[in-house]
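Numbering (this note's numbering), first residue to last: 121 to 663. The beta carbon of each residue, even a glycine, is placed where N, CA and C say it ideally should be. Here is the structure we will look at, set down as structure tokens.
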Amino acid sequence: MSEDFLNRGHDQEESEARDYDIDERLVRLGKSIDTFTTAPTIVIANSTDDFVDLDFHRAKGDQLYATLNPRQKEFCDAVIAAATDFTLPQIFVLDAVASSTSSIIGAAAAAAVEQPSGSPSTSSFLLLELPFRQLLRLQSTHTLIAESKRMIASLDVPTSLAIAGFIFVFCLYLIHIIAFCYSKYRLHHSVLPNSSLPGVSVIKPIVGTDENLYENLETFFTTQYHKFELLFCFHSQEDPAVEVVESLMKKYPTVDAKMFFKGETVGLNPKINNMMPAYRAARYPLILVSDSGIFMRSDGILDMATTMMSHEKMALVTQTPYCKDRDGFDAAFEQLYFGTSHGRIYLAGNCMDFVCSTGMSSMMKKEALDECGGIANFGGYLAEDYFFGRDLANRGYKSAISTHPALQNSASVSISSFLDRICRWVKLRIAMLPHIILVEPLQDCFPSGLIMSFSLNYLTGIPVVPTLALHTAYWITMDFSLMNSMQNKELNFSLAQFLLIWLLRELSAPLVFIKALLEPTIRWRNNVFHLAWGGRILPNKSV
């Protein structure tokens with residue numbers, strides 16, 4: 121090895137790692153680095169016990185350098201004594217205590233220059249058991265790729281898991297950034313009236329009533345859109361919500377509104393069965409399926425129709441699920457979930473063109489949906505909204521989110537009922553996409569924080585607690601920023617309340633997942649559903 125090469129390494133590292141303490145931070149990859157190459161090599165380790173395979177070094181003719189701290193001097197003497205056995209590789213103990221990367225390289229350079237001219241050969245090169253970024257800098261370009269492949273092939277299981285954990289959580293960090301940036305790019309834009317847009321048939325399946333139903337339904341009677349019809353679907357004429365709709369129809373007699381009863385059985389999904397008569401009667405080319413608990417902005421339908429007609433192949437437009445401001449801790453808990461955890465995945469997924477549609481407020485082109493067999497074709501699935509999006513995407517159609525979020529405005533929200541709702545969604549995702557079992561419990565703040573903390577600790581020696589603290593601070597900051605972007609105005613609760621609700625939500629997430637695994641059957645209204653892998657409903661029974 122030439123002195124110039126070692127000096128170049130010394131100069132390069134000195135400015136960047138002058139005070140780098142390697143005593144506890146030697147990368148675990150270095151444990152197997154002495155089997156990294158077949159060429160004669162100078163290997164510098166933190167201590168002599170890091171030389172894993174001395175027989176391997178003997179066969180290669182390597183020279184080994186150990187940088188021992190003062191507490192290891194007794195062991196140093198034993199190492200020097202062992203070096204008198206000429207069947208072993210040559211082992212040299214550097215006199216200088218290595219307190220930084222630069223001092224290691226400098227000491228190695230001095231030691232190498234003092235060796236006889238025959239050792240090592242000019243084809244040798246320096247391998248340091250240092251953090252991976254310094255190791256890469258010391259590798260020549262033509263050997264880096266080939267030897268990286270050799271190193272990957274020789275990685276042990278713990279190191280591989282640590283690297284995989286780091287990559288996984290780093291991707292979660294990117295999802296935060298993508299979701300926030302996309303929310304700023306896509307949400308809360310004004311839309312202009314356009315009389316050339318096609319008509320919209322609004323299908324509203326309704327079961328039961330609450331204190332906010334009248335307010336929610338009235339927003340559809342007063343929507344600022346030039347051509348639409350309202351189609352209300354009930355399982356029974358005795359439903360108490362029928363009276364609410366009748367009063368609104370009398371108040372707004374010029375609005376084209378109809379009611380349908382008893383539905384039509386086309387499958388095991390009661391919502392699809394309930395909507396079938398309205399779907400068959402729909403007169404307009406755009407179908408908006410909207411849950412009864414949605415509060416629609418006056419320009420909401422215009423916004424969705426404008427997005428729909430922005431591209432020839434657009435066939436599905438959804439509103440990002442969120443919540444209208446309501447008083448109470450339970451309502452704030454629900455709003456925070458949709459403004460952080462759910463909103464993050466929904467926005468990032470739509471930005472990257474993944475199918476992640478929700479049916480609480482979704483608009484579809486009837487012609488494209490009919491190509492998929494109409495809504496009757498999805499009567500065998502409980503999560504019909506996801507399969508709408510999947511089948512449309514499989515046929516080459518595009519999907520998008522509108523600029524205004526869907527404002528959920530149910531009056532009967534409670535933390536327990538909301539967690540039951542989220543648990544049902546987890547069960548649906550597990551049934552539709554079984555591999556999600558590996559990811560679902562790890563994507564929240566604390567599980568992913570532990571993964572990142574222990575992965576970095578194993579790979580670099582960075583302590584767990586500071587990493588976990590930084591991870592949590594990043595997560596809270598990004599969640600708070602995203603929720604403010606979704607809200608587009610001052611939040612209905614303080615930062616201290618946000619932190620408390622956020623903590624409770626994060627702590628509840630693993631419990632919800634465990635409950636979903638232990639009880640895979642889905643209870644929805646008056647039915648119990650059993651799902652097969654893939655999401656199909658198995659025969660259900662009344663309770």
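With a cutoff of 8 Å on beta-carbon distance, His308 and Asn608 are scored as near each other. Straight-line measurement puts the Cα of Gly413 at about 19 Å from the Cα of Lys378.
If you check the CB distance, Ile326 and Met395 do not come in under 8 Å. The alpha carbon of Leu527 has as its nearest neighbour, out of Ser481, Asn514, Met552, Cys565, the alpha carbon of Ser481.
Unbroken alpha helix (DSSP H) stretches of 4 residues or longer found wholly inside the segment 587-640: 615-638, given in chain order.
The DSSP-derived three-state label of Phe474 is coil. Separation of Leu638 and Arg625 (C-alpha to C-alpha, rounded to the nearest whole angstrom) is 20 Å. About 11 Å separates the CB atoms of Ile556 and Ala636; that is not less than 8 Å, and the two are not in contact. Unbroken alpha helix (DSSP H) stretches of 4 residues or longer found wholly inside the segment 338-382: 361-371, given in chain order.
The beta carbon of Tyr334 sits closer than 6 Å to the beta carbons of Val364 from its chain, once the five residues preceding and following it are set aside; these are given in chain order.
The Cβ-Cβ distance between Thr523 and Asp423 falls below 8 Å. A distance below 8 Å between beta-carbons, with the five flanking residues on each side excluded, links Ser356 to the following residues of its chain, in chain order: Phe381, Lys382.
According to DSSP, Leu651 shares a beta bridge with Ile657. With fewer than three CB-CB distances shorter than 8 Å, the segment 428-440 does not count as touching the segment 383-402.
Counting only the Cα atoms, Ser568 lies some 5 Å from Leu562.
A check of alpha carbon separations from Asp330 across Phe449, Tyr305, Ala361 identifies Ala361 as the nearest. Nearest in C-alpha terms to Thr478, of all of Asn332, Gln439, Ala652, is Gln439.
Inside the segment 550-580, DSSP marks no whole beta strand (DSSP E) run of 3 or more residues. Beta-bridge partners assigned by DSSP to Tyr442: Leu527. Here Asp473 is exposed: its Cβ has fewer than 16 other Cβ atoms, across all protein chains shown, within 10 Å. When rounded, the separation of the alpha-carbon atoms in Leu579 and Met572 is 10 Å. Of Ala468, Thr460, Arg417, the smallest CA-CA separation from Tyr305 is found for Ala468. Pairing Pro525 with Met606, the inter-Cα distance amounts to about 8 Å. The criterion of a C-beta distance shorter than 8 Å is not satisfied by Ile421 and Tyr372. For Pro441 and Asp276, the gap between their C-alpha atoms comes out near 43 Å.
In this structure, the beta-carbon distance from Val533 to Glu454 falls below 8 Å. Taking all protein chains shown into account, Thr597 has fewer than 16 neighbouring C-beta atoms within 10 Å of its C-beta and is therefore exposed. Ile642 carries a strand assignment under DSSP once its states are collapsed to helix, strand and coil. The shortest CA-to-CA distance from Leu570 to any of Leu553, Pro554, Ala589, Glu560 is the one to Ala589. Per DSSP, the beta-bridge partners of Phe415 are Leu527. Nearest C-alpha to Ala398 among Ile535, Met416, Cys353: Cys353. Rounded to whole angstroms, Asp490 and Ile642 show a C-alpha spacing of 29 Å.
Residue pairing by DSSP leaves Leu467 without any beta bridge partner. A distance of 8 Å or more separates the beta carbons of Gly328 and Leu502. For Met428 and Val289, the gap between their C-alpha atoms comes out near 35 Å. Note that the C-beta distance between Leu512 and Leu406 is not below 8 Å.
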